[in-house]
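Q: The numbering of the sequence shown is the working numbering, which starts it at 41 and goes up by one.
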Amino acid sequence: MEIIGKLLENLAIFLLVFARIVGMFITAPILNLNHIPAYIKLGFSLFLTFILFPMIDIPAGLQLDSFYALLAFAAKEFLIGMIIGFICYLFFSTVYLAGHMIDMEIGFSIANVINPMDENEEIALTANLFFIMAVLIFLSIDGHHFLIQAMKQSFAMVPMGKIHINVWMVDQIIGIFITIFVIAFKFSAPIVVSIFLANVLLGILARTMPQMNVFVVGMPLKILLGLLVLLIIMPLYAGFFEYIFDRMFENLKDFLNAMGKG
41 MEIIGKLLEN LAIFLLVFAR IVGMFITAPI LNLNHIPAYI KLGFSLFLTF ILFPMIDIPA
101 GLQLDSFYAL LAFAAKEFLI GMIIGFICYL FFSTVYLAGH MIDMEIGFSI ANVINPMDEN
161 EEIALTANLF FIMAVLIFLS IDGHHFLIQA MKQSFAMVPM GKIHINVWMV DQIIGIFITI
221 FVIAFKFSAP IVVSIFLANV LLGILARTMP QMNVFVVGMP LKILLGLLVL LIIMPLYAGF
281 FEYIFDRMFE NLKDFLNAMG KG
């Protein structure tokens with residue numbers, strides 16, 4: 041009853057908390073999947089708001105004396121939530137970028153062009169495999185708990201209505217994009233290097249044996265070599281995924297600190 045009474049006294053604050061959490065659900069990885077119905081996302085956002093609301097300190101001097109002021113603050117909170125989810129989504133897109141690099145080298149990227157089931161839908165085979173692995177490992181290490189904890193801490197780092205656009209945020213975004221490309225290249229490097237060496241070998245064979253059809257021989261060879269290397273290094277990817285998630289939460293914390301700077 042005490043929580044209900046506090047909620048009724050601070051209904052506007054409750055709506056601001058709800059706006060930030062809904063913003064995160066729109067862009068955060070796993071939570072933003074199209075397969076999850078919108079009413080389930082809204083219901084879980086409301087449930088999470090009920091849980092976090094008693095733990096959040098209401099900032100002093102927050103003026104919500106009109107509907108338009110509440111609407112403006114809600115838009116800011118919604119933007120903060122979307123930024124939090126988007127930063128996490130960027131690090132999840134690392135595995136997609138690495139998967140596309142591998143697909144291009146192996147030859148699986150042709151599935152993006154030739155799809156007998158639906159010509160309007162692209163199929164990234166290795167990228168989807170890596171994404172499913174990333175989701176399973178993220179849930180197995182309780183990454184969703186860390187994401188909820190990060191949302192709670194965001195109210196202390198960036199108090200409601202205190203968002204600041206500054207040069208530190210720009211530096212953090214640039215650093216995040218650099219980190220994503222570096223990690224994606226490291227992720228795909230073993231297979232990309234192996235296929236590159238195979239291409240060099242095929243080039244030498246094409247010069248020494250002009251009668252051999254390099255294209256016919258090269259396609260199955262690169263697929264076989266790529267899958268073999270992928271099978272060998274697959275156990276190492278579990279630790280690599282955890283490294284990606286650690287970097288994700290570190291960069292998210294740094295970005296929230298930059299956002300909260302005046």
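C-beta: ideal position from N, C-alpha, C; glycine also.
Can we count Pro260 as close to the ligand HEM, meaning its CB is less than 8 angstroms from some heavy atom?
A: Absence of the ligand HEM is noted for the structure shown, with no ligands found whatsoever.
Q: Measuring alpha carbon to alpha carbon, tell me which residue in Ser194, Thr248, Phe217, Gln251 is nearest Met95.
A: Ser194
Q: With 16 other CB atoms within 10 Å as the buried threshold, where does Pro69 fall?
A: buried
Q: Which residues in the same chain have their Cβ closer than 6 angstroms to the Cβ of Lys81, if we skip the five residues on either side of it in sequence?
A: A distance below 6 angstroms between beta-carbons, with the five flanking residues on each side excluded, links Lys81 to the following residues of its chain, in chain order: Phe65.
Q: Report the residue from His75, Gly147, Tyr283, Ala78 whose alpha carbon sits nearest the alpha carbon of Val257.
A: Gly147
Q: Please classify Glu145: is it buried, with 16 or more other beta-carbons within 10 angstroms of its beta-carbon, or exposed?
A: buried
Q: With Pro230 as the anchor, note down where its alpha helix (DSSP H) starts and where it stops.
A: 207–248
Q: Quick one: residues in its chain with C-beta nearer than 8 angstroms to the C-beta of Gly125, no 5 flanking neighbours on either side, listed in chain order?
A: Gly63, Met64, Phe65, Ile66, Thr67, Ala68, Pro69, Leu71, Asn72
Q: Closest to Met200 by CA distance: which of Phe113, Asp286, Ile91, Met122 is it?
A: In terms of CA proximity to Met200, Phe113 leads the group Phe113, Asp286, Ile91, Met122.
Q: Beta-carbon within less than 8 angstroms of Asn291's beta-carbon, same chain only, minus the 5 sequence neighbours each way: which residues are those?
A: Around Asn291: Ile127, Phe131, Gln212, Gly215, Ile216, Thr219.
Q: Is Phe87 closer than 9 angstroms to Val135 when the C-beta atoms are compared?
A: no
Q: From His184 to Gly121, what does the alpha carbon distance come to, in whole angstroms?
A: Taking the straight line joining both Cα atoms gives about 15 angstroms.
Q: Note down, in chain order, each residue of its chain lying with its Cβ closer than 7 angstroms to the Cβ of Phe186, except the 5 sequence neighbours on either side.
A: Phe289
Q: Would you call Met191 buried or exposed, if buried means 16 or more other Cβ atoms sit within 10 Å of its Cβ?
A: buried
Q: Using a Cβ-Cβ cut-off of 7 angstroms (strictly less than) and excluding sequence neighbours within five positions of Leu56, which residues of its own chain qualify?
A: Taken in chain order, the residues that qualify are Phe113, Ala114, Glu117, Met200.
Q: Compare the C-beta of Asn253 with all C-beta atoms of chain C and state if any pair is closer than 9 angstroms.
A: Reference to chain C is not applicable here, since this structure consists of a single protein chain.
Q: Counting C-beta neighbours from all protein chains within 10 Å, is the total for Arg60 16 or more, i.e. buried, or is it exposed?
A: buried
Q: State the start and end residues of the unbroken alpha helix (DSSP H) segment that holds His140.
A: 107–146
Q: So, helix, strand or coil for Lys192, using DSSP?
A: helix
Q: Helix, strand or coil for His185, going by three-state DSSP, please let me know.
A: Helix.
Q: Contact check, His140 vs Ala167 under 8 angstroms by CB: the rounded distance?
A: His140 to Ala167, Cβ: 5 angstroms. Contact.
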